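Below is one structure, written out as structure tokens; the observations come after it.
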Amino acid sequence: MSPRAVEQNRQMRERSSTAIRRAALELFIEKGFHAASIAEIAKRAGVSKGLIYNYYPSKDALLQGLMEDRLREAAATYAAVPSDVSAEEKLRYIVDSSVEQIVQNHELYRLYFALLLQPGATPALRRAEEALAPEFARVTGQLVALFTESGSDDPRLDALVFQSALNGLALGLLVKAPGAAFPTDSVKQRLLRRFGLKEAAP
Numbered sequence: 000m001s002p003r004a005v006e007q008n009r010q011m012r013e014r015s016s017t018a019i020r021r022a023a024l025e026l027f028i029e030k031g032f033h034a035a036s037i038a039e040i041a042k043r044a045g046v047s048k049g050l051i052y053n054y055y056p057s058k059d060a061l062l063q064g065l066m067e068d069r070l071r072e073a074a075a076t077y078a079a080v081p082s083d084v085s086a087e088e089k090l091r092y093i094v095d096s097s098v099e100q101i102v103q104n105h106e107l108y109r110l111y112f113a114l115l116l117q118p119g120a121t122p123a124l125r126r127a128e129e130a131l132a133p134e135f136a137r138v139t140g141q142l143v144a145l146f147t148e149s150g151s152d153d154p155r156l157d158a159l160v161f162q163s164a165l166n167g168l169a170l171g172l173l174v175k176a177p178g179a180a181f182p183t184d185s186v187k188q189r190l191l192r193r194f195g196l197k198e199a200a201p
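Just so it is clear: in the sequence shown, position 48 is 47 by numbering that gives the first Met the number 0, and no numbers are missing.
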């Protein structure tokens with residue numbers, strides 16, 4: 000097979016995988032993980048059931064892939080933190096980037112939080128978390144180091160509270176009524192002040 004054919008095949012597989020994940024995400028949100036079937040996912044994605052099984056051996060594996068996407072994106076926020084700025088600026092970057100990520104990928108985050116309330120879907124979520132455990136260990140270590148640098152008297156506890164606050168902010172953005180206003184900027188600034196950080200200059 001020529002290099003051009005190999006590249007075309009790769010692009011086609013990537014498009015198919017993206018379509019499958021998008022269809023699964025939509026249906027898992029609309030109908031719930033248990034009610035959505037592989038046949039429905041295939042129909043919405045415009046592919047055959049056989050092709051889905053070529054990528055994912057089961058619906059559970061497909062869900063795990065979606066959850067790994069969500070967790071990987073969250074970890075990437077921390078990996079992209081600038082290294083040449085103060086601890087305060089790094090934490091501010093994490094808050095701003097996390098909110099932007101939630102807004103841009105709200106459907107994936109909606110599914111993540113919904114799955115926390117669906118016991119049958121918990122194993123796939125747990126496996127996704129286990130697969131990315133090393134990355135999140137680095138994230139926690141990075142936060143502990145940042146709070147140590149900023150003068151925290153309990154960096155590990157502050158790291159835990161900080162991550163929990165970000166999850167709460169995400170949930171607030173996701174559960175608000177359609178069209179309802181959410182004081183995102185005010186909440187962000189309150190979160191920063193909670194950790195002794197000054198508001199960003201206008």
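Even for Gly, the Cβ is constructed at its ideal location relative to N, Cα and C.
Just so it is clear, the structure is predicted and the values come from calculations on it, not from any experiment.
Quiz item: Among Ile51, Glu99 and Glu29, which one has its Cα closest to the Cα of Pro37?
Solution: Looking at the sequence shown, residue 37 is not Pro but Ile. For Ile37, the nearest C-alpha among the options comes from Ile51.
Practice problem: Confirm, please, whether the CB-CB distance from Phe181 to Leu110 is below 8 angstroms. | Solution: Going by C-beta atoms, Leu110 is not nearer than 8 angstroms to Phe181.
Quiz item: Roughly how many angstroms lie between the CA atoms of Ser96 and Gln162, to the nearest whole one?
Solution: In this structure, the alpha-carbon of Ser96 lies about 13 angstroms from that of Gln162.
Quiz item: Since Gly64 is in the alpha helix (DSSP H), which residue starts that stretch and which ends it?
Solution: From DSSP, the alpha helix (DSSP H) with Gly64 extends over Lys58 to Ala78.
Exercise. Just mark Asp83 as buried or exposed, buried being the case when its beta carbon has 16 or more other beta carbons within 10 Å.
Key: Exposed is the call here.
Quiz item: How should Leu156 be labelled, buried or exposed, when 16 other C-beta atoms within 10 angstroms of its C-beta is the threshold for buried?
Solution: Looking at its Cβ environment, which holds fewer than 16 other Cβ atoms inside 10 Å, Leu156 is exposed.
Exercise. Report yes or no: do the region 86 to 102 and the region 44 to 59 share at least 3 C-beta pairs separated by less than 8 angstroms?
Key: Flag = no, the region 86 to 102 and the region 44 to 59 do not touch.
Quiz item: Cα-Cα, which of Lys89, Asn8, Val186 and Ala44 is closest to Leu24?
Solution: Leu24 has its Cα closest to that of Ala44, out of Lys89, Asn8, Val186 and Ala44.
Quiz item: Hey, would you say Leu203 sits closer than 8 angstroms to Ala130, going by beta carbons?
Solution: No statement about residue 203 is possible, as the shown extent of the chain runs from 0 to 201 and does not include it.
Quiz item: Just reading off the alpha helix (DSSP H) that Phe135 is part of, what are its end residues?
Solution: Counting along the chain, the alpha helix (DSSP H) containing Phe135 begins and ends at Ala132 to Glu148.
Practice problem: Determine, using beta carbons only, whether Val174 and Ala158 come nearer to each other than 8 angstroms. | Solution: Result no, Cβ atoms of Val174 and Ala158 do not sit closer than 8 angstroms.
Practice problem: Can you grab the Cα-Cα spacing for the pair Lys30 / Arg14, in whole Å? | Solution: When rounded, the distance between both Cα atoms is 24 angstroms.
Self-check item: Limits of the alpha helix (DSSP H) - the one that Ala34 falls within
Solution: Where Ala34 is concerned, there is no enclosing alpha helix (DSSP H), given that its DSSP letter is neither H nor E.
Practice problem: Just mark Val98 as buried or exposed, buried being the case when its beta carbon has 16 or more other beta carbons within 10 Å. | Solution: Result: buried.
Exercise. Go to Asn53, then tell me how far its alpha helix (DSSP H) extends in each direction, as first and last residue.
Key: Lys48 to Tyr54 is the extent of the alpha helix (DSSP H) around Asn53.
Quiz item: Hey, Glu67 and Ala127 are a contact pair by Cβ (cut 8 angstroms); roughly how many whole angstroms apart?
Solution: About 5 angstroms separates the CB atoms of Glu67 and Ala127; that is less than 8 angstroms, so the two are in contact.
Quiz item: Taking just the CA atoms, how far does His33 sit from Glu39?
Solution: About 12 angstroms.
Self-check item: Candidates Gly140, Ala164, Leu65 and Gly167: closest to Pro154 by CA position
Solution: Ranking Gly140, Ala164, Leu65 and Gly167 by Cα distance to Pro154 puts Gly140 first.
Quiz item: Once you ignore the five residues that flank Pro201 on each side, which residues in its own chain have a CB closer than 6 angstroms to its CB?
Solution: Caution applies to Pro201, whose pLDDT of 43 falls short of 50 and renders its modelled position unreliable; the value that the coordinates give is listed next. Once the five neighbours on either side are set aside, Pro201 has no close Cβ partner at all.
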